[in-house]
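K.L.:
This is the structure I have questions about; it appears just below.
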Amino acid sequence: MSLKDVPYWRLSSFYFFYFAVVGTVVPFLGLYLQSLDFSPQQIGVVSAIMMLTRVVAPNVWGWLSDYTGRRLSVIRYGAFLASLFFAVLLWRQSFHWVAFVVISYSFFWNAVLAQFEVITLAHLHGISHFYSRIRLWGSVGFIVAVVALGYLFDGVSISLFPWVALLLLILIWCSSLTVGEASHRWSDEHQQGRLSESLKSRAVLCFLAAAFFLQLSHGSYYTFYSVYLESLGYSRQVIGLLWALGVIAEVVIFWFMHRLVKHFGLRHLLLFTLAVTVLRWWLIGCYPQQVSVMIFAQLLHAFSFGCAHSVSIEFILRHFSGASQGQGQALYSAVSFGAGGAAGALISGWVWAASPVLSFALSALAAAIAMGLVWWGVRGQEVQDERLIQ
Numbered sequence: 078m079s080l081k082d083v084p085y086w087r088l089s090s091f092y093f094f095y096f097a098v099v100g101t102v103v104p105f106l107g108l109y110l111q112s113l114d115f116s117p118q119q120i121g122v123v124s125a126i127m128m129l130t131r132v133v134a135p136n137v138w139g140w141l142s143d144y145t146g147r148r149l150s151v152i153r154y155g156a157f158l159a160s161l162f163f164a165v166l167l168w169r170q171s172f173h174w175v176a177f178v179v180i181s182y183s184f185f186w187n188a189v190l191a192q193f194e195v196i197t198l199a200h201l202h203g204i205s206h207f208y209s210r211i212r213l214w215g216s217v218g219f220i221v222a223v224v225a226l227g228y229l230f231d232g233v234s235i236s237l238f239p240w241v242a243l244l245l246l247i248l249i250w251c252s253s254l255t256v257g258e259a260s261h262r263w264s265d266e267h268q269q270g271r272l273s274e275s276l277k278s279r280a281v282l283c284f285l286a287a288a289f290f291l292q293l294s295h296g297s298y299y300t301f302y303s304v305y306l307e308s309l310g311y312s313r314q315v316i317g318l319l320w321a322l323g324v325i326a327e328v329v330i331f332w333f334m335h336r337l338v339k340h341f342g343l344r345h346l347l348l349f350t351l352a353v354t355v356l357r358w359w360l361i362g363c364y365p366q367q368v369s370v371m372i373f374a375q376l377l378h379a380f381s382f383g384c385a386h387s388v389s390i391e392f393i394l395r396h397f398s399g400a401s402q403g404q405g406q407a408l409y410s411a412v413s414f415g416a417g418g419a420a421g422a423l424i425s426g427w428v429w430a431a432s433p434v435l436s437f438a439l440s441a442l443a444a445a446i447a448m449g450l451v452w453w454g455v456r457g458q459e460v461q462d463e464r465l466i467q
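Just so we're aligned: the sequence shown equals residues 78 to 467 in our numbering.
In structure tokens:
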């Protein structure tokens, strides 16, 4: 099987629109809430709510998808209902209404990605190392959104935020309608595989704990980076460009990930990635007014997200049996982006008013803890096949 046998553009378009939503929400939600006079604590709570739904939602939808075998239906219903609930934000903007919208839409939105990863990997059966070639279009969607909206919100108004996000959510749903089931079905093989069997491995447990701390370390960045830069005099255009620069670096590394994993192996790449992440948060916390340092720190996003995510997807693919792929991807999403992201958002919300520098210092500490967990627990024979399976 080769990449030309895969519905490349249909899969890629889904990632494009999904991460265009991320490129709208992550950089600009904080600024939008700030324009509604939300306090830093309220902004942190809203961000944490969005992350917390990732703890429950992916596991619920992962179990449902694996149990029914109707993974695409789950994705389509999730995308549609996310759009429906998000539309409430067009008319209600009080703290409690925003919290309701975020809980509701993100519960369904978070049903989508982990299950679509399984669809993509099923289409790539036997050539999973080309996953990053499809996933990079998500990064392109993020770049397009964050740059375009930086100019739009600077030139017009941040009040357009909910309209733009809603349009992109609808496009996710439309894109999901174009994707078909793969000829390969994970449920067709290894029917006796169970999630509990995978969770007996020290490597898997330490990997999941490290994923938690890695995403916790991103809390200050995802919640307050734009607010931080704007308070230091950066324009929204420049803020958008800095976000885009990080994701451009991510696109580049996605293109080469299959070679890097083949050459260096999962463990070594993950250790290097976590060391780079420690450096990144330290630089952002200590030197925010030095543009050259901020540019360099954003280039490190290639590793702190791009490399880390690709390695993680491959790790889950290798350590969870075919029948539990949906639950494996959902568990990774719940523990890392869900629990870790929520903890990071809450902690940064509490610490930010006292000291942004301290907030990023705690981020660096969390990344260092993740590095220690990988070094101690993910090693030797516990990492299945350190070379990519061709």
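Every residue, glycine too, gets a C-beta built ideally from N, C-alpha and C.
Keep in mind it's a predicted model, so treat the numbers as computed, not measured.
#1: Starting from the N-terminal side, write out each stretch of the alpha helix (DSSP H) that is 4 residues or longer and does not extend beyond the stretch 271 to 329.
#2: So what does DSSP say about Glu266, is it helix, strand or coil?
#3: Count the other CB atoms within 10 Å of the CB of Asp114; is the residue buried (16 or more) or exposed (fewer)?
#4: From what residue to what residue does the alpha helix (DSSP H) around Phe373 run?
#5: Going by DSSP in three states, Ser116 sits in which element: helix, strand or coil?
#6: Distance check for Ala280 and Phe238, CA to CA, integer angstroms please.
#7: Measure the C-alpha to C-alpha separation of Ile220 and Tyr154 and round it to an integer number of angstroms.
#8: With a threshold of 7 angstroms on Cβ separation, who are the neighbours of Val103 within its own chain once the five nearest residues in sequence on each side are excluded?
#9: Of the choices Gln119, Phe94 and His386, whose alpha-carbon is the least far from that of Leu423?
#10: Which of helix, strand or coil does DSSP assign to Gln406?
#11: Express the C-alpha separation of Trp168 and Met334 in angstroms, rounding to a whole number.
#12: Output yes or no for whether 7 angstroms exceeds the beta carbon distance between Ser209 and Ser387.
#13: So the alpha helix (DSSP H) Cys251 belongs to, where does it begin and stop?
#14: Using the three-state DSSP reduction, which class does Glu258 fall into: helix, strand or coil?
#15: Once DSSP output is grouped into helix, strand and coil, what is the label at Arg336?
#16: Along the alpha helix (DSSP H) that carries Gly362, what are the first and last residues, could you check?
#17: Please state whether DSSP places Pro84 in a helix, a strand or coil.
#18: I'd like the span of the alpha helix (DSSP H) that includes Arg456, first residue to last.
#19: Counting contacts by CB-CB distance shorter than 7 angstroms, is Gly383 in contact with chain B?
#20: Compute the Euclidean distance between the alpha carbons of Ser413 and Ala288, then round it to the nearest angstrom.
#21: Pair every Cβ in the stretch 183 to 201 with every Cβ in the stretch 134 to 145, then say whether three or more of these pairs are closer than 8 angstroms.
#22: Tell me the residue span of the alpha helix (DSSP H) that contains Leu149.
#23: Three or more C-beta pairs under 8 angstroms: does that hold for the stretch 371 to 383 against the stretch 316 to 328?
#24: Just the Cα atoms here: how many angstroms apart are Ser432 and Ile235?
#25: For the alpha helix (DSSP H) that Ile390 lies in, which residues bound it at each end?
#26: Which of the three DSSP states, helix, strand or coil, is assigned to Ala125?
#27: Given a threshold of 16 other Cβ atoms within 10 Å of its Cβ, counted over all protein chains shown, does Ile372 qualify as buried or as exposed?
#28: By alpha-carbon positions, which one of Val353, Arg456, Ala125 and Val98 ends up nearest to Ser160?
#29: Using only the alpha-carbon positions, how far apart do Glu274 and Thr145 sit?
#30: Is it true that the CB of Phe163 sits closer than 7 angstroms to the CB of Leu106?
#31: What are the start and end residues of the alpha helix (DSSP H) that includes Ser216?
P.N.:
Taking the definition as stated:
#1: 272 to 275, 279 to 294 and 296 to 308
#2: Confidence at Glu266 is low in this model, with a pLDDT of 47, below 50, so the placement of that residue should be treated as unreliable; the coordinate-derived value is given next. Here Glu266 sits in coil by DSSP.
#3: exposed
#4: Val368 to Leu376
#5: coil
#6: 42 angstroms
#7: 27 angstroms
#8: Tyr299
#9: Gln119
#10: helix
#11: 43 angstroms
#12: yes
#13: Phe238 to Ser253
#14: coil
#15: helix
#16: Leu343 to Cys363
#17: coil
#18: Per DSSP, Arg456 belongs to no alpha helix (DSSP H) and is neither H nor E.
#19: The question asks about chain B, but that chain is absent: this structure has only one protein chain.
#20: 5 angstroms
#21: yes
#22: Arg148 to Phe163
#23: yes
#24: 26 angstroms
#25: Ala385 to His396
#26: helix
#27: exposed
#28: Val98
#29: 21 angstroms
#30: no
#31: Tyr208 to Gly232
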